[in-house]
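Residue numbers (our numbering): 2 to 218.
And the structure:
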């Protein structure tokens, strides 16, 4: 059995009782970075064999985990933060497990996408999550396709690219386009910035900030 376990996105208290029970019952825990996940597991005194699985793991690692599952092992799949498969390679392992008719059990929980969206005040009946935007190829085409959108868009962005993304949004969507930026969600310095694209760009030009960003527009 492969359990897909959602973990906190910042605040270690944001984990369900079911998730903790699943992690304690699993034979093996598969995680992106054993050091990052180790903080959570140590906090809850969960000691299990760990196998790293990330974007550069390759087919050999996938097949190793599949072999363990076929042996009857209960494997819990977690990501560095949030729900596995959202902007990380977990889906590759899940797809391969499905091909082998292995039981898949999603354990829902924290998600930066939904946390940011519900705190944004923007309409949620129709939205698109685009993950991290293309850095080069397809970036301009994507922004142009969003010029006539009628739905809410949610994207992830890093501290190193947030100003570039806001500048591109100002160029293609206009300086007065409404936007909400969530930063350091669920953590001590959580922040929601509401305003126009121009206002947010000017704010982050003057205020150097750390952390990961979720942008809603």
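Using N, Cα and C, we set each Cβ at its ideal position, and we do this for glycine too.
Look up residue 77 in the DSSP assignment and say whether it is helix, strand or coil.
If DSSP states are grouped into helix, strand and coil, residue 77 belongs with the strands.
Alpha carbon to alpha carbon, what distance is there between residue 171 and residue 177?
Cα to Cα, the separation comes out at about 8 Å.
State the DSSP-derived secondary structure class of residue 153, mapped to helix, strand or coil.
Reduced to three states, the DSSP call for residue 153 is strand.
Go ahead and label residue 73 buried or exposed: buried means 16 or more other beta carbons lie within 10 angstroms of its beta carbon, across all protein chains shown.
With fewer than 16 other Cβ atoms within 10 Å, it is exposed.
Under 8 Å between C-beta atoms of residue 2 and residue 106:
At the C-beta level, residue 2 and residue 106 come within 8 Å of one another.
Residue environment, residue 38, which counts as buried when at least 16 other CB atoms sit within 10 Å:
Classified as buried, residue 38 has 16 or more neighbouring CB atoms from the shown chains inside 10 Å of its CB.
Can you have a look at residue 36 and say buried or exposed, based on whether 16 or more other CB atoms are within 10 angstroms of its CB?
Flag for residue 36 reads exposed.
Grouping DSSP H, G and I as helix and E and B as strand, with all else coil, what is residue 31?
In this structure, residue 31 counts as strand in the three-state DSSP scheme.
Report yes or no: is there a C-beta of chain C within less than 8 Å of the C-beta of residue 206?
Going by chain labels, chain C is absent from the structure shown, which holds only one protein chain.
Grab me the residues of residue 58's own chain with a C-beta within less than 8 Å of its C-beta, minus the 5 sequence neighbours each way, in chain order.
Only 90 meet the Cβ criterion.
In the stretch 86-167, which residue ranges form an unbroken beta strand (DSSP E) of at least 3 residues, counting only runs that do not cross its ends?
You should have 105-108, 128-133, 153-158.
Select from 69, 218, 128, 88 the residue whose C-alpha is nearest the C-alpha of residue 175.
Check the Cα spacing between residue 175 and each of 69, 218, 128, 88: the tightest is with 218.
Label residue 70 either buried or exposed according to how many other C-beta atoms from any shown protein chain fall within 10 Å of its C-beta, with 16 as the threshold for buried.
Classification for residue 70: buried.
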